[in-house]
Amino acid sequence: MAIEFRHENRVFTLETRHTSYQMKVDDFGFLLHLYYGGRIYGDMDYLLTYYDRGFSGNPSDVGNDRTYSLDALPQEYPAMGVGDFRNSALIVHNADGSDCCDLRYIGHETKKEKYRLQGLPAVYADPGEGETLEIYLEDRVSHVKVTLLYGVLEEADIITRSVVIENQGEQSVTVEKAASTCLDFLSGDYDMLSFYGRHTMERNLQREKISHGNHAFGSRRGASSHQYNPAVILAGENTTEDTGSCYGMVFVYSGNFLCEAEKDQYDQTRVLMGLQSDLFHYPLGKGERLTVPETILSYSDSGFGELSARFHRCIREHLCRGKYKDAPRPVLLNSWEASYFSFNGETILKLAKCAADLGIDMLVMDDGWFGKREDDNSGLGDWKVNEKKLGCTLKELTEKVNEMGVKFGIWIEPEMVSEDSDLYRNHPDWALQIPGREPVRCRNQLVLDFSREEVRDFIFGEICAILDQCSFAYIKWDMNRSITDVYSAVNGQGKVTYDYMLGVYDFLERLLRKYPDILIEGCSGGGGRFDAGMMYYTPQIWCSDNTDAVDRLRIQYGTSFFYPASTVCSHVSAVPNHQTGRSVSLHTRGVVAMAGSFGYELNPEKLLPEEKEAVKEQIRQYKAVEELIRKGTYYRLSDPFKDVYAAWMFVSEEKERAFLSVVMLEIHGNMTVNYVKLRGLEPQAVYRDTESGRRYYGADLMEAGLPMPVEQKEYPAYQIELMKECS
Ligand code: GLA
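According to our numbering, the stretch in the sequence shown is residues -18 to 708, in order.
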């Protein structure tokens, strides 16, 4: 039983294979957090201590007992206004102008299946794989009811949390802040690992000590952002890839978020993950409700590697959906870095011909095929095929590409509008704008108000009219600016950031239902919306607009802490690289791109004959290991921010096959030899290097490592496939 409730002391226990989570309803009806971590067996309420804490409030029910304070006790869902001065999970602004919500337990229910969320992405599980605990809390004055949702995936070692806030009172209230997860740790020192970055340099790892005061990061950009990813790890200071304890939290949401960590006056640590409170004032009239997006939690007592493996499995098997959840991902050629906006139908057909010759499965016609779109100053919103530019209809073009044995896909950016477009001229109020102010431009475009159904319906109709013309296999859904001017002509300000995201999810859901065979790839200037929320709809996402192999090593390293390789789109591009000017060998570019869903982002016509042969070989090799990359367990073998090489490997579930990749990052005179230690093999099994035929024990490769060749060149790369010998 994954969920247990003991009536006598009102203790809830959630259990997964290797972890336990416990909380308790106390005598006053407050829901206190007791424990989260490795498996425990008893009731952990003995951990609670009560002392007279100066200047900390005492609820009136405790009378003159000054030892009871919510400012010191660990809580499941701390709300503002009841004497806890730490960061709040919930702030409710009441009709009388007060900010107070005194949440007390009123009941609970367990369900034999994992909950789903209305209109929001969430982890799903087959009956028997997941269970739900719902705990009901209520403020007796405002009659705000809060349902805490806990999903338990026992075998996967995953716990999920979400929250539904419902106004059951007569008067309207406004939700000013809402998290879906609070973790209160009674003791311990923690490091916080977060993933910061910028456009074309996403998800760099930062590790800092959580000290006194608030440590916060998040997004106010309307998307989860390039700048901070909605995911965090809490770890002991000595935790490494394969030792020590760590907790992971991923927010299953693609909009504004907030993660806060604070060590309090008693050296207790509180961590919150939820909706961003800035630009958010969510009114709830009588009977209305707000669902706070889900957080996925896991705990590992054996380092980051195991934690990542659990998140990878959960995202791959319980979040990604559709035909491509389990299907091989097509190798694709994208036209963007090949021709940017300057192409016509001929260019596309030439690319298709190259794709066919090289063994590439699919051609993607990126930005520039619609409306007046010769650069990024105009045309967004006018989803009409530019037949003049293409020299034919889209149907004719698609058919010609398909006739060559190549699948076809297109780029779209449904959420945006250019001021120079018919759509904007006809419906200027459809863009998010603050009345009486000039809107802030970003890439010379504005954002459509996707919180409005009629706006979404119109764009949906236009996009479907395109998709219905041809047999597309793929679309790339882009979003190329941050959201400013947070104001909807119909919905005002407070609800927009959240309702906008719900609108995007609604659109994607409708698209998936109507076109279940189309693979949708997510994108937002590369990795600006690379998050678990999007993965529910788009099982792969363009990881970064930076295709430089060396930078990608670091971007993909940071990405790997939570997101599986199957979600990471990674392409070989031309040299000198368009973002950095760096030149790296075709082989090394291929090795780096094979750490994800693989493809090309160049004009193959410009390749030398021997390079074309090398590309054919890369594709053959990728296809041979595609399943291992998509489904295998991923191991980080180095830290490319610190080490002289980047190394990673995939190991099949049965450990009978492994695929190692190494890229040397430094070369020096009289270079020292580097030994790469492998992970995840069966120690006593013998593995054969499929190329050299050499045999090694798994333990030997893991304990002593493999010497890497010393070569006098920059960024040499190596791939080794290992097969377990039958014993
Ligand atoms: C974004 C994407 C690119 C490309 C362009 C097109 O920057 O990340 O891959 O699609 O838009 O405008």
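All C-beta atoms, glycine included, are put in the ideal place defined by N, C-alpha and C.
Legend entry - 8 Å contact criterion, which Ser547 and Arg184 should meet: CB distance rounded: 17 Å between Cβ atoms; not a contact.
Legend entry - Limits of the unbroken alpha helix (DSSP H) element including Phe292: Gly284 to His299
Inset, instruction - Would you list, in sequence order, the uninterrupted beta strand (DSSP E) runs of no fewer than 3 residues that lie entirely inside the stretch 615 to 641? - result: 626 to 632
Legend entry - Bridge partners - Cys504, DSSP secondary structure assignment: For Cys504, which the question treats as bridged, DSSP gives no partner whatsoever.
Inset, instruction - Counting only runs of 4+ residues fully inside the stretch 380 to 466, write out the alpha helix (DSSP H) ranges in chain order. - result: 403 to 407 and 434 to 448
Inset, instruction - Under 6 Å Cβ to Cβ from Thr221, same chain only, skipping five residues before and after it: list those, please. - result: Gly284
Legend entry - Other residues of its chain near Tyr713: CB distance less than 6 Å, five sequence neighbours each side excluded: Residue 713 cannot be examined here, being either before or after the span of the chain that is shown, -18 to 708.
Legend entry - Touch test, the stretch 312 to 319 against the stretch 328 to 336, Cβ-Cβ under 8 Å, three pairs minimum: yes
Legend entry - Ser553 (DSSP reduced to helix, strand or coil): According to the sequence provided, residue 553 is Val. The question's Ser does not apply to it. It is a strand residue.
Inset, instruction - Run the proximity test for Asn461: is its beta-carbon closer than 7 Å to any non-hydrogen atom belonging to ligand 1? - result: yes
Legend entry - Reduced DSSP category for Trp709 - H, G, I as helix; E, B as strand; rest coil: Any property of residue 709 remains undetermined from this structure, which presents the chain solely from -18 to 708.
Legend entry - C-alpha gap between Leu288 and Phe176, whole angstroms: 16 Å
Inset, instruction - Have a look at Lys623, Val644 and Lys636 and flag the residue whose alpha-carbon is nearest the alpha-carbon of Trp629. - result: Val644
Inset, instruction - Let me know the secondary structure DSSP gives Gln700 once reduced to three states. - result: strand
Legend entry - For Cys227, the residue or residues it bridges with in DSSP: Ala216 and Ser281
Legend entry - Within 8 Å, strictly: CB atoms of Pro264 and Tyr234: no
Legend entry - Beta-carbon contacts of Ala70 that lie in its chain and below 6 Å, excluding the five residues immediately before and after: Tyr58, Pro59, Ala160, Cys163 and Leu253
Inset, instruction - Just the C-alpha distance for Arg437 and Leu15, rounded to the nearest angstrom, thanks. - result: 45 Å
Inset, instruction - Spell out a yes or no on whether the stretch 99 to 116 and the stretch 16 to 34 are touching, meaning 3 or more CB-CB pairs, one atom from each, closer than 8 Å. - result: no
Inset, instruction - In the DSSP assignment, find the unbroken beta strand (DSSP E) run with Gln599 in it and report its ends. - result: Run containing Gln599: none in the beta strand (DSSP E); it sits in the alpha helix (DSSP H), Pro590 to Lys612.
Legend entry - Supposed close pair Ser432, Gly507 - CB separation, criterion 8 Å: That belief does not hold up - the Cβ atoms of Ser432 and Gly507 are roughly 25 Å apart, past 8 Å.
Inset, instruction - Please indicate yes or no: does the CB of Cys423 lie closer than 7 Å to some heavy atom of ligand 1? - result: no
Inset, instruction - Please classify Thr30: is it buried, with 16 or more other beta-carbons within 10 angstroms of its beta-carbon, or exposed? - result: exposed
Legend entry - Same chain, Cβ closer than 6 Å to Asp65, neighbours up to 5 away in sequence not counted: Leu51, Asp52 and Pro59
Legend entry - Other residues of its chain near Tyr696: CB distance less than 8 Å, five sequence neighbours each side excluded: Ala530, Val531, Val565, Ser566, Thr569, Val644, Met645 and Leu646
Legend entry - Distance cut-off 7 Å: Gly506 Cβ against heavy atoms of ligand 1: yes
Inset, instruction - Please name the residue in Arg(-2), Gln3, Thr(-3) and His(-1) whose C-alpha comes closest to that of Arg(-13). - result: Gln3
Legend entry - Per-residue DSSP class, three states only, for Pro274: strand
Inset, instruction - Over the uninterrupted beta strand (DSSP E) stretch that includes Ala159, give me the two end residues. - result: Val154 to Phe166
Legend entry - Buried or exposed (CB count within 10 angstroms, at least 16 for buried), Phe36: exposed
Inset, instruction - Spell out a yes or no on whether the stretch 442 to 459 and the stretch 364 to 379 are touching, meaning 3 or more CB-CB pairs, one atom from each, closer than 8 Å. - result: yes
Legend entry - Inter-stretch contact (C-beta, 8 Å, three-pair minimum) for the stretch 200 to 216 and the stretch 138 to 153: no
Inset, instruction - Output the distance between the C-alpha atoms of Lys623 and Ile191, rounded to the nearest integer angstrom. - result: 22 Å
Inset, instruction - Measure the alpha-carbon distance for Lys636 versus Gly340 and round it to whole angstroms. - result: 30 Å
Legend entry - Cβ-heavy atom distance, Trp317 to ligand 1, below 7 Å: yes
Inset, instruction - Determine the extent of the beta strand (DSSP E) in which Lys92 is found, giving its start and end residues. - result: Leu84 to Lys92
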